[in-house]
Amino acid sequence: MSWSRARELLSRLSPPVIVMHWDMDGVASATLAAQASGKPGEAAFASPNFRYAFDKPFLDRVRGLARGRKLLVVVDLAIPGGSVKLLQRYTARPAVVLDHHVQPEPPDDPAITYVNPAARGDPAGNWPSAAHVIASVTGVGDPLLVAASIVGDLGPAARANRWYQNYMVKAGLDPARDYHIPEACASLVDSASTMGRLDVIEALPARLSLEEEPCMLILEDGLLHSLKAQAEAELEQLLDMAEEAVEEPIPGVLLYRLEGGGRHASKLARRLALKHSDKIVVVAYKSKATGEERVYARTYKRGAPLLASRAVVSRLRSLGLSAGGKSQGPNNVLAVEAPPGRLEEALEAVLEELRGLLAR
2 MSWSRARELL
12 SRLSPPVIVM
22 HWDMDGVASA
32 TLAAQASGKP
42 GEAAFASPNF
52 RYAFDKPFLD
62 RVRGLARGRK
72 LLVVVDLAIP
82 GGSVKLLQRY
92 TARPAVVLDH
102 HVQPEPPDDP
112 AITYVNPAAR
122 GDPAGNWPSA
132 AHVIASVTGV
142 GDPLLVAASI
152 VGDLGPAARA
162 NRWYQNYMVK
172 AGLDPARDYH
182 IPEACASLVD
192 SASTMGRLDV
202 IEALPARLSL
212 EEEPCMLILE
222 DGLLHSLKAQ
232 AEAELEQLLD
242 MAEEAVEEPI
252 PGVLLYRLEG
262 GGRHASKLAR
272 RLALKHSDKI
282 VVVAYKSKAT
292 GEERVYARTY
302 KRGAPLLASR
312 AVVSRLRSLG
322 LSAGGKSQGP
332 NNVLAVEAPP
342 GRLEEALEAV
352 LEELRGLLAR
């Protein structure tokens, strides 16, 4: 029912204002949502300032963008229902939420149509990206762009995901031999996010939604290539430093406390978890560019407990932390955003949850 309702609202109440996540999947999801509205050139796009919360300046900005637009769409943002309700009431527009993250607190308001088939978890990996959810709901979406959204979220593990494989075949590409194409597309977009360029992220869906081959536009963008070079150089420096600072506070759990200029927490956790695939990796990271303080727990270990269970996420949120995550095939991750100055507190809370999970 919610699928058909979402599809109807997207096509009938256009153009929309689209609130999006700041990564490859967020950009692809916003692009597809704009295309599904039938008026992609009139859609507006906004992303919170690398935070899973809406402050008053952002609420005011989205309310301004909603003038002259009929629908609020929220894509790929792992935010609780209360935050969605706040945004919906602030804009006074009916809302559609399209997501694929674990969500113990979905919105319960008739003004909000909520589509998230992975809200209770997705161990089989059927919903590897929000763009895949939107493509499934609307029937809209360049297959290579959706494949890139899956690569953006799963990394190299995407190659084993059947939906990634299906989209690549639809695009006329070989899922294994041509993996470098969606990987390059995803890494370019994510580099803009890594370097804190929210302006670039927000501008991309408007351009991509009008293109027949959106990934080609990304691959030919000179600014994105420059940002990627900067991001990769800093990430490699951090990875070189990481093993010198590793701790093992819990048997089977590796902890890395790191600080850098860009927003590298997620990629650090992914790279280190791939390197130590028999462990749970925890990265506590502060970005000098944005002031963000994040804790990521990630593992590719088979049989590992669900890191972002509904109970874990709920307990962390009760401490005033923004928490979410995913469990889709090998993609088992818990992400926690700490308020300024509370990184150590957030880290201890995550480690306490891991102790409980591993003691069972």
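Per the working numbering, the sequence shown starts with residue 2, numbered consecutively.
From the three backbone atoms N, C-alpha and C, an ideal C-beta is built for every residue, glycine too.
Candidates the options: closest to residue i by CA position
{"i": "Glu345", "options": "Leu308, Ser328, Arg311, Glu293", "result": "Glu293"}
{"i": "Ala119", "options": "Gln104, Pro108, Asp110, Ala132", "result": "Gln104"}
{"i": "Tyr257", "options": "Arg356, Val283, Lys276", "result": "Val283"}
{"i": "Glu212", "options": "Asp24, Arg8, Glu9, Pro41", "result": "Pro41"}
{"i": "Gln231", "options": "Asn332, Ala243, Ala204, Gly197", "result": "Gly197"}
{"i": "Tyr165", "options": "Asp191, Glu235, Leu199, Gly126", "result": "Gly126"}
{"i": "Ala29", "options": "Tyr91, Leu78, Ser12, Asn50", "result": "Leu78"}
{"i": "Val1", "options": "Gly304, Lys229, Val334", "result": "The chain is shown only over 2 to 361; residue 1 falls outside these bounds and no answer can be derived."}
{"i": "Pro49", "options": "Lys280, Ser84, Thr300, Lys327", "result": "Ser84"}
{"i": "Arg299", "options": "Ala312, Leu240, Arg272", "result": "Arg272"}
{"i": "Arg356", "options": "Ser328, Arg343, Pro331, Leu307", "result": "Leu307"}
{"i": "Leu14", "options": "Ser38, Ser5, Lys289, Ala34", "result": "Ser38"}
{"i": "Pro129", "options": "Ala159, Pro17, Arg8, Glu235", "result": "Ala159"}
Boundaries (first-last residue) of the beta strand (DSSP E) holding residue i
{"i": "Thr92", "result": "Here Thr92 belongs to no beta strand (DSSP E); instead the alpha helix (DSSP H) covers 82-92."}
{"i": "Val63", "result": "Unbroken run through Val63 is the alpha helix (DSSP H), 57-67; no beta strand (DSSP E)."}
{"i": "Leu99", "result": "96-99"}
{"i": "Leu273", "result": "Where Leu273 is concerned, there is no enclosing beta strand (DSSP E), although the alpha helix (DSSP H) it sits in stretches over 266-276."}
{"i": "Leu174", "result": "Note, Leu174: premise wrong, no beta strand (DSSP E); not H, not E."}
Which of helix, strand or coil DSSP assigns to residue i
{"i": "Glu293", "result": "coil"}
{"i": "Gly223", "result": "helix"}
{"i": "Tyr180", "result": "coil"}
{"i": "Asn333", "result": "strand"}
{"i": "Met21", "result": "strand"}
{"i": "Leu322", "result": "coil"}
{"i": "Leu73", "result": "strand"}
{"i": "Ala29", "result": "helix"}
{"i": "Tyr373", "result": "In the structure as shown, the chain starts at 2 and stops at 361, and residue 373 therefore has no counterpart that could be examined."}
{"i": "Ala305", "result": "coil"}
{"i": "Gly39", "result": "coil"}
{"i": "Arg52", "result": "coil"}
Range of the contiguous alpha helix (DSSP H) that encloses residue i
{"i": "Pro206", "result": "199-209"}
{"i": "Glu346", "result": "344-359"}
{"i": "Ala45", "result": "That residue, Ala45, is in no alpha helix (DSSP H); its beta strand (DSSP E) goes 45-47."}
{"i": "Pro250", "result": "Not the alpha helix (DSSP H): Pro250 falls in the beta strand (DSSP E), residues 248-251."}
{"i": "Ala149", "result": "144-155"}
{"i": "Glu214", "result": "No alpha helix (DSSP H) contains Glu214, which DSSP labels as neither H nor E."}
{"i": "Ala132", "result": "131-139"}
{"i": "Ser5", "result": "3-13"}
In DSSP terms, what residue i is bridged to
{"i": "Arg258", "result": "Ala285"}
{"i": "Met242", "result": "According to DSSP, Met242 bridges with nothing at all."}
{"i": "Arg299", "result": "Val282, Val334"}
{"i": "Ala339", "result": "Glu294"}
For this session: Give a yes or no on contact between the region 106-125 and the region 61-71, applying the rule of three or more CB pairs nearer than 8 angstroms.
Result: no
Problem set entry | the region 249-258 touching the region 212-229, judged by at least three CB pairs closer than 8 angstroms | no
Exercise. Does the count of Cβ pairs from the region 52-60 and the region 173-187 closer than 8 angstroms reach three?
Worked result: no
For this session: Assess, as a yes-or-no matter, whether the region 334-353 is touched by the region 308-322 under the definition of 3 or more beta carbon pairs within less than 8 angstroms.
Result: yes
For this session: Determine contact between the region 21-38 and the region 145-156, defined as no fewer than three beta-carbon pairs at a distance below 8 angstroms.
Result: yes
Exercise. Contact between the region 190-210 and the region 165-176: three or more CB pairs below 8 angstroms?
Worked result: no
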